[in-house]
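Trainee: Let me give you the structure first, and then I'll get to my questions.
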Amino acid sequence: MAESQKSPDAPQIRPGFAFHYETDDHLFFVASDFAQPDVLILSFTTVRKFSDRSCVIQPGEHPFVKVETCVAYNFAELQPSGAILEGIARGTIVPYAPLTPELMNRIWDGASVTRHLPLKCRDLLNRQGLT
Amino acid sequence: MRRKLNSYAIFAEFWHNMFRFKTAILKQIQAAAHLVALEGGRIDRLRLLKLLYISDRESLAERGAPIIGGRVAALDNGPLHSDIYEFIKGAHEDAGEWKKFFTNDGHVVIATADPGRMELSPFEIDKLTEVSDRLRPHDSWEVAELTHKFAEWIECHVAGTSRPIPMERILASLGFTEEDIEQVRSTAESNQRMRKALCG
Chain A
4 MAESQKSPDA PQIRPGFAFH YETDDHLFFV ASDFAQPDVL ILSFTTVRKF SDRSCVIQPG
64 EHPFVKVETC VAYNFAELQP SGAILEGIAR GTIVPYAPLT PELMNRIWDG ASVTRHLPLK
124 CRDLLNRQGL T
Chain B
1040 MRRKLNSYAI FAEFWHNMFR FKTAILKQIQ AAAHLVALEG GRIDRLRLLK LLYISDRESL
1100 AERGAPIIGG RVAALDNGPL HSDIYEFIKG AHEDAGEWKK FFTNDGHVVI ATADPGRMEL
1160 SPFEIDKLTE VSDRLRPHDS WEVAELTHKF AEWIECHVAG TSRPIPMERI LASLGFTEED
1220 IEQVRSTAES NQRMRKALCG
């Protein structure tokens, strides 16, 4: 949904807006300009021996992070911003404490070095000047 | 009252509920297109299916996620991705998408248009390229023979049948612990639920 089509009382969503899907215990977050029709959604996962360590987050860097965690760039998705707003309105998307601008900068740095981010997602970040 | 299931229904329910990575059709098409392009625009379908399987398996081993994922089955000629096999045969419900980019000449798959590579990551493109380059000296039957050494195929194959290979079985064959497998499963399923919720 383009910015001009959004309701005036739509929530202000910025990069770093974090959320759960219903009762799922994984954390997702917005990682690109929400005013654009397609939005980059990333998620966290616990660090394992096979994990992509392009952006590792330590406990204490965000309230959700209790163990060493990383960004799952290979699961990056481009999704319509309107679908996220609809999910919030329906209650299926449950907001959580946002990621700080400093953490988002680290995540974008990671996006510029990881080999696991799909080209379409990297292209979107490049076009928005975020990597 | 507990449902009575015939053997087909039990199999169908197992197949439906089995954990697997679900990948967008366009990504499956782009991965196949990359391999076809590396072979000069034409590839024996057995070779295409095996190169995709081997690439996916190596991707799983290295990062806990496949390139294309989806349903995997054990056939007499080795393991393969059922969706890709059905695309090639025109038996898949979304075969129309496949036909925008490929046609068949007997058992040879021929590229007719370029779907691009934007759904793939640099790692995935490199993995497909590396596997294709490494196995180029081997003919298609030799490549198929390599997949007969995979533990998951040996365990799941029954001669003359096409039986599903659970993703957990592949991961276990690759040395993943139960804890690793549970994390791979939970991350994949969580992302699939989110994707389904947002884009249907």
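Which chain is which? The protein sequence lines are A and B, in order.
Just so it is clear: in the first sequence, position 26 is 29 by this note's numbering, and no numbers are missing.
Just so it is clear: in the second sequence, position 17 is 1056 by this note's numbering, and no numbers are missing.
C-beta atoms are modelled at their ideal positions from N, C-alpha and C, and glycine is treated no differently.
Across which residues does DSSP place Tyr-99 (chain A) in a beta bridge pair?
Mentor: A:Ala-21
Trainee: Mind pulling the chain A residues with CB within less than 7 Å of Ala-1104 (chain B)?
Mentor: Asn-77
Trainee: Count the other C-beta atoms from every protein chain shown that fall within 10 angstroms of the C-beta of Gly-990 (chain B), then say buried if there are 16 or more, exposed otherwise.
Mentor: Not covered by the structure: residue 990 (chain B). The range shown for chain B is 1040 to 1239.
Trainee: Give the interface partners of Gln-1222 (chain B) over in chain A, defined as CB-CB distance under 8 Å, in chain order.
Mentor: Thr-48, Thr-49, Arg-51
Trainee: Taking 9 Å as the CB-CB cut-off, is Pro-104 (chain A) touching chain B?
Mentor: no
Trainee: Are Ala-1130 (chain B) and Ser-1201 (chain B) close, meaning C-beta to C-beta below 9 Å?
Mentor: no
Trainee: Quick one: grab the DSSP three-state call for Ser-1229 (chain B).
Mentor: helix
Trainee: Find out if the Cβ-Cβ distance for the pair Phe-53 (chain A), Tyr-99 (chain A) is shorter than 9 Å.
Mentor: Contact check for Phe-53 (chain A) against Tyr-99 (chain A) fails: the beta carbons are separated by 9 Å or more.
Trainee: Does the pairing of the segment 1220–1237 of chain B with the segment 45–63 of chain A give three or more beta-carbon distances under 8 Å?
Mentor: yes
Trainee: Which same chain residues, not among the five before or five after Ala-1071 (chain B), have their C-beta less than 7 Å away from its C-beta?
Mentor: Leu-1087, Leu-1091, Ile-1123
Trainee: Between His-23 (chain A) and Val-97 (chain A), is the Cβ-Cβ spacing less than 9 Å?
Mentor: In this structure, Val-97 (chain A) lies closer than 9 Å to His-23 (chain A) by Cβ.
Trainee: Determine the chain B residues that contact Phe-31 (chain A) at a beta-carbon separation under 9 Å, and present them in chain order.
Mentor: Chain B residues near Phe-31 (chain A): Ser-1229, Asn-1230, Met-1233.
Trainee: Give me the residue from B:Gln-1067, B:Leu-1085, B:Lys-1066 with the minimum Cα distance to His-1177 (chain B).
Mentor: Here the closest residue by C-alpha is B:Leu-1085.
Trainee: What does DSSP give as the partner residue(s) for Pro-83 (chain A) in the beta ladder?
Mentor: Paired residues: A:Asp-41.
Trainee: For Glu-1078 (chain B), which of B:Glu-1194, B:Arg-1175, B:Val-1197 has the nearest alpha-carbon?
Mentor: Ranked by how close their Cα comes to the Cα of Glu-1078 (chain B), the residues B:Glu-1194, B:Arg-1175, B:Val-1197 have B:Arg-1175 in first place.
Trainee: State the beta-bridge partners of Thr-48 (chain A) as determined by DSSP.
Mentor: A:Cys-73
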